[in-house]
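Have a look at the structure below, then the notes.
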Amino acid sequence: MNWSIILQIIISGFFLGGVYSLASMGLTLIFGVARVINFAHGEFLMIGMYISYWMWKMLGGIDPLISLFVVIPFLFFFGALIYWTLFRPVMERTDESKIALTVGLSWILQNLALIIFTGNYLTIRTSYSDSIIQIGNIRAGYPNIISFISVIIMSIGLGYLITNTSVGKAMRAVSQDSEMAQLLGIDPNRIYTIAVALSTAVVGACGSIILSHLYVFPLVGSPYTLMSFVVVIIGGLGNVKGAFICGIVVGITEAVGTYFISADSGVMLAFILLVLVLMFRPRGLLTKGHM
Amino acid sequence: MKVVKIRNKKLVCPKIYLFLAIFILLFVLPLYLPQYYIHLLTMIFIFAVAAEAWNIIGGYGGQFSLGHAAYFGVGAYTSTMLFHYFNISPWIGLLLGGIVAVLLSIGISHLCFRLRGPYFVISTIALAETLRYLFINQRWITFGARGMNIRYIGNAPLYFQFSGKLPYYYIALLTMLIVVFVTYKIINSRLGYYLIALGQNQDSAEAIGVNSFKVKLIDLCVSAFFTSIAGTLYAQYIYFIDPDAVFGLSLSVQIMLFAVVGGIGTLWGPIIGTFVLQIASEWASATFGSGLMGFKFIIFGSILIIIVLSGKKGIIDIFTTLYYRLLQTEQKQL
Numbered sequence: 000m001n002w003s004i005i006l007q008i009i010i011s012g013f014f015l016g017g018v019y020s021l022a023s024m025g026l027t028l029i030f031g032v033a034r035v036i037n038f039a040h041g042e043f044l045m046i047g048m049y050i051s052y053w054m055w056k057m058l059g060g061i062d063p064l065i066s067l068f069v070v071i072p073f074l075f076f077f078g079a080l081i082y083w084t085l086f087r088p089v090m091e092r093t094d095e096s097k098i099a100l101t102v103g104l105s106w107i108l109q110n111l112a113l114i115i116f117t118g119n120y121l122t123i124r125t126s127y128s129d130s131i132i133q134i135g136n137i138r139a140g141y142p143n144i145i146s147f148i149s150v151i152i153m154s155i156g157l158g159y160l161i162t163n164t165s166v167g168k169a170m171r172a173v174s175q176d177s178e179m180a181q182l183l184g185i186d187p188n189r190i191y192t193i194a195v196a197l198s199t200a201v202v203g204a205c206g207s208i209i210l211s212h213l214y215v216f217p218l219v220g221s222p223y224t225l226m227s228f229v230v231v232i233i234g235g236l237g238n239v240k241g242a243f244i245c246g247i248v249v250g251i252t253e254a255v256g257t258y259f260i261s262a263d264s265g266v267m268l269a270f271i272l273l274v275l276v277l278m279f280r281p282r283g284l285l286t287k288g289h290m
Numbered sequence: 004m005k006v007v008k009i010r011n012k013k014l015v016c017p018k019i020y021l022f023l024a025i026f027i028l029l030f031v032l033p034l035y036l037p038q039y040y041i042h043l044l045t046m047i048f049i050f051a052v053a054a055e056a057w058n059i060i061g062g063y064g065g066q067f068s069l070g071h072a073a074y075f076g077v078g079a080y081t082s083t084m085l086f087h088y089f090n091i092s093p094w095i096g097l098l099l100g101g102i103v104a105v106l107l108s109i110g111i112s113h114l115c116f117r118l119r120g121p122y123f124v125i126s127t128i129a130l131a132e133t134l135r136y137l138f139i140n141q142r143w144i145t146f147g148a149r150g151m152n153i154r155y156i157g158n159a160p161l162y163f164q165f166s167g168k169l170p171y172y173y174i175a176l177l178t179m180l181i182v183v184f185v186t187y188k189i190i191n192s193r194l195g196y197y198l199i200a201l202g203q204n205q206d207s208a209e210a211i212g213v214n215s216f217k218v219k220l221i222d223l224c225v226s227a228f229f230t231s232i233a234g235t236l237y238a239q240y241i242y243f244i245d246p247d248a249v250f251g252l253s254l255s256v257q258i259m260l261f262a263v264v265g266g267i268g269t270l271w272g273p274i275i276g277t278f279v280l281q282i283a284s285e286w287a288s289a290t291f292g293s294g295l296m297g298f299k300f301i302i303f304g305s306i307l308i309i310i311v312l313s314g315k316k317g318i319i320d321i322f323t324t325l326y327y328r329l330l331q332t333e334q335k336q337l
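Top line first, the protein sequences correspond to chains A and B. The letter at position 5 of the first sequence is residue 4 when you use the working numbering, and the numbering goes up by one with no holes. The letter at position 56 of the second sequence is residue 59 when you use the working numbering, and the numbering goes up by one with no holes.
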């Protein structure tokens with residue numbers, strides 16, 4: 000076993016896992032605070048990705064990271080809209096209703112994208128699309144590195160928001176005990192809206208971030224939905240730091256599977272890991288309780 | 004409040020006459036219908052079997068499984084592989100597929116039934132996807148993503164192949180009626196009462212002594228058995244299966260969709276739901292065709308969202324409420 004191969008796998012795992020981490024932090028937020036099981040999670044990533052693509056196409060090749068300034072506010076308001084129109088009536092209902100609702104939403108979003116953008120795989124090119132850093136035997140593409148750095152910055156930002164701002168503290172309070180939070184004067188609807196909007200904004204930003212090295216098509220979000228759920232359950236529903244760490248773990252698992260077994264085995268390994276966690280520690284590997 | 008005196012009780016349950024009429028229609032109509040409609044109805048019956056089977060554990064039992072394609076695929080592949088490799092009649096393959104599905108469901112029960120809510124849903128998805136992956140990758144035996152063809156041997160009733168469409172129609176119709184009958188029998192038995200109890204509130208049911216694991220296990224086995232039969236019917240009618248079609252997540256979700264839209268936790272709900280959605284989908288494909296591919300899923304999604312937002316349990320619930328409101332009589336409480 001070559002050291003450089005192991006290192007290469009780990010680095011690839013970090014790159015893969017970084018995106019999973021950020022997407023999963025969004026999902027764990029929406030689940031921990033608003034108790035919504037959002038099966039349309041990946042579709043917001045897809046929307047963010049398409050926005051970045053079209054900005055790149057229409058505005059003369061601007062970097063997807065610059066389009067974040069458009070993607071994040073747009074998806075924030077879109078998420079708030081979705082909450083107010085679709086989620087609010089079902090907040091008190093069973094989990095199954097919410098699952099059915101978000102599944103319906105995901106179908107609508109996917110197929111609207113199919114109709115509007117066609118099913119073609121679209122990709123962008125930037126000045127650094129082909130650049131690679133090579134240290135010894137380890138290779139890493141520039142787009143991947145930049146994506147990873149973006150992910151880290153956003154994760155730190157999100158973490159700061161949750162721990163140090165009053166909004167973040169309100170969200171944590173609602174996720175722990177929403178009735179008590181209400182008694183203390185926190186408006187649950189406002190917090191739910193912010194949580195949902197933040198979640199969609201974060202995962203939409205993921206889409207922009209990965210556009211530099213992946214192609215966009217209507218179904219691009221589906222694997223991220225599934226993987227986000229896997230990561231969030233392994234890390235503990237509602238646990239933001241857990242989601243971040245487990246995202247990386249799942250990314251490394253997928254890289255290991257891709258190298259040693261086959262290209263699509265990575266997802267399978269993640270599922271096996273999920274089933275193992277569900278069997279032996281269903282509350283998640285890293286929870287001590289709540290966010 | 005107006006008091007309406009109902010003299011003739013039969014007026015209050017025209018349902019029976021309606022059903023009788025529909026039954027006779029279904030049995031006689033195909034002799035006069037063009038092939039396309041027979042095909043449409045056969046497909047509806049096959050998926051209705053799966054939806055009704057899902058409803059046993061998903062609707063009444065409240066175990067929202069999004070991995071029922073696992074049993075569907077098991078049924079389809081068992082009968083097909085037995086026929087392909089050993090020339091065993093798919094009628095036997097039908098039963099063996101059901102047995103394999105039951106064994107699989109026992110395993111899945113032990114893994115998943117201690118989980119609740121979203122955990123359970125994700126685990127069922129994971130298991131179905133794992134099967135799909137296995138069947139794609141073990142190419143040496145399952146032909147992988149290329150799929151398997153059912154060898155055409157002409158008119159061979161003993162081998163579940165017929166030269167016309169009508170035999171498939173009647174077999175599918177009969178199977179659908181059998182599943183409804185089985186569901187009816189389960190619901191009205193003690194097992195059924197336990198199931199509905201734990202479907203509404205598992206903790207309360209356990210508190211009064213219901214062995215929730217055993218009840219869920221038995222019902223999942225029944226559900227898996229009939230779903231796999233639907234899979235075999237599908238394989239024998241379409242003559243082609245592949246892992247994405249029979250193990251795919253979209254199939255699992257569609258099965259759930261048919262049951263939820265029609266009426267989750269009702270006897271005829273899944274049947275109605277399958278009828279409505281399949282017909283809507285055919286209409287969408289015909290009207291919008293290749294220009295707006297995917298429109299049918301937008302319709303599916305919208306219908307699903309409308310049903311969920313309405314707070315009713317599906318089309319059956321909506322019509323029942325309207326019906327009683329029209330008659331201004333008191334609705335029977337469950």
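For every residue, glycine included, the Cβ atom is placed at its ideal position computed from N, Cα and C. Model, not experiment: these values are computed from the prediction.
- Item | Proximity test, Cβ basis, 8 Å: Ile-308 of chain B and chain A | yes
- Message: For a quick check, are the C-beta atoms of Leu-254 of chain B and Phe-75 of chain B less than 8 Å apart?
- Response: Between Leu-254 of chain B and Phe-75 of chain B, the C-beta gap is smaller than 8 Å, which places the two residues in contact.
- Task: Measure from the alpha carbon of Leu-275 of chain A to the alpha carbon of each residue in B:Leu-130, B:Val-31, B:Gly-317, B:Ala-248, then state which is nearest.
- Result: B:Leu-130
- Task: Determine which residues share a DSSP beta bridge with Phe-243 of chain B and list them.
- Result: B:Asn-152
- Contact with chain B by Pro-222 of chain A, beta-carbon distance below 8 Å: no
- Message: What would DSSP say about Leu-121 of chain A, mapped onto helix, strand or coil?
- Response: In the three-state reduction of the DSSP assignment, Leu-121 of chain A falls in the strand class.
- Item | For Ile-132 of chain A, three-class secondary structure by DSSP | strand
- Query: Which chain B residues sit within Cβ distance under 7 Å of Val-274 of chain A?
  - Reply: Leu-114, Ser-126, Ala-129
- Message: For a quick check, are the C-beta atoms of Thr-192 of chain A and Trp-83 of chain A less than 8 Å apart?
- Response: yes
- Message: So that I know if they touch, is there some Cβ in chain A lying closer than 8 Å to that of Phe-138 of chain B?
- Response: no
- Item | Proximity below 8 Å, CB of Ala-73 of chain B to CB of Leu-107 of chain B | Yes; because the gap between Cβ atoms is below 8 Å, this pair is in contact.
- In terms of alpha-carbon separation, which member of B:Cys-224, B:Ile-306, B:Tyr-196, B:Tyr-162 lies closest to Gln-257 of chain B? B:Ile-306
- Show which residues of chain B have a CB atom less than 8 Å away from the CB atom of Pro-187 of chain A. Going along chain B, no residue has its Cβ under 8 Å from Pro-187 of chain A, so there is no contact; the nearest lies around 20 Å.
- Residue environment, Thr-277 of chain B, which counts as buried when at least 16 other CB atoms sit within 10 Å: buried
- Task: Pick helix, strand or coil for Ala-2 of chain B, following the three-state DSSP scheme.
- Result: In the structure as shown, chain B begins at 4 and stops at 337. Residue 2 of chain B is therefore absent and cannot be evaluated.
- Message: For Pro-246 of chain B, would you say it is in contact with chain A, using Cβ-to-Cβ distances shorter than 8 Å as the test?
- Response: no
- Message: For a contact defined as C-beta to C-beta under 9 Å, what are the partners of Asp-94 of chain A on chain B?
- Response: Phe-67, Arg-119, Gly-120, Pro-121, Val-124
- If you count every other CB in all the chains shown that lies within 10 Å of the CB of Met-57 of chain A, and 16 or more means buried, which is it? exposed
- Query: Can you list the residues of chain B that Met-278 of chain A reaches, using a CB-CB cut of under 8 Å?
  - Reply: Within 8 Å Cβ-Cβ: Leu-114.
- What's the call for Met-179 of chain B, buried or exposed, on a 16-neighbour Cβ count within 10 Å? Residue environment for Met-179 of chain B: buried (at least 16 other C-beta atoms within 10 angstroms of its C-beta).
- Query: For the beta strand (DSSP E) that contains Gly-235 of chain A, what are its first and last residues?
  - Reply: Gly-235 of chain A -> no beta strand (DSSP E), and no H or E assigned at all.
- Task: Check each candidate in B:Ala-53, B:Val-52, B:Ile-60 and name the one with the smallest Cα separation from Gln-203 of chain B.
- Result: B:Ile-60
- Message: Using the three-state DSSP reduction, which class does Arg-138 of chain A fall into: helix, strand or coil?
- Response: strand
- C-beta atoms of Val-173 of chain A and Ile-185 of chain A nearer than 8 Å: yes
- Out of B:Ile-282, B:Pro-273, B:Ala-56, B:Phe-48, state which residue places its alpha-carbon closest to the alpha-carbon of Leu-236 of chain B. B:Phe-48
- Glu-253 of chain A and Ala-242 of chain A: beta carbons closer than 8 Å? no
- Message: I'd like to know if Gly-76 of chain B contacts chain A, where contact means its C-beta is closer than 8 Å to some C-beta of that chain.
- Response: For Gly-76 of chain B, the answer is no, since every Cβ of chain A falls outside 8 Å of its Cβ.
- Message: So Trp-83 of chain A contacts chain B; which residues on that side make the cut at Cβ distance below 7 Å?
- Response: Near Trp-83 of chain A there are no residues of chain B at all, since even the closest Cβ is about 13 Å away, more than 7 Å.
- Message: Pop quiz: Val-218 of chain B and Leu-201 of chain B are said to be a contact at Cβ under 8 Å. What is the actual Cβ separation, rounded to whole angstroms?
- Response: 6 Å
- Item | Proximity test, Cβ basis, 8 Å: Ile-211 of chain B and chain A | no
- Along the chain, where does the alpha helix (DSSP H) that runs through Val-18 of chain A open and close? 2 to 33
- Query: DSSP state of Val-219 of chain A, grouped into three classes?
  - Reply: coil
- Is any heavy atom of the ligand GDP found at a distance shorter than 7 Å from the C-beta of Leu-284 of chain A? Ligands in the displayed structure: none, and consequently the ligand GDP is not present.
- Cβ-based burial, Gln-133 of chain A [other Cβ within 10 Å; buried from 16]: exposed
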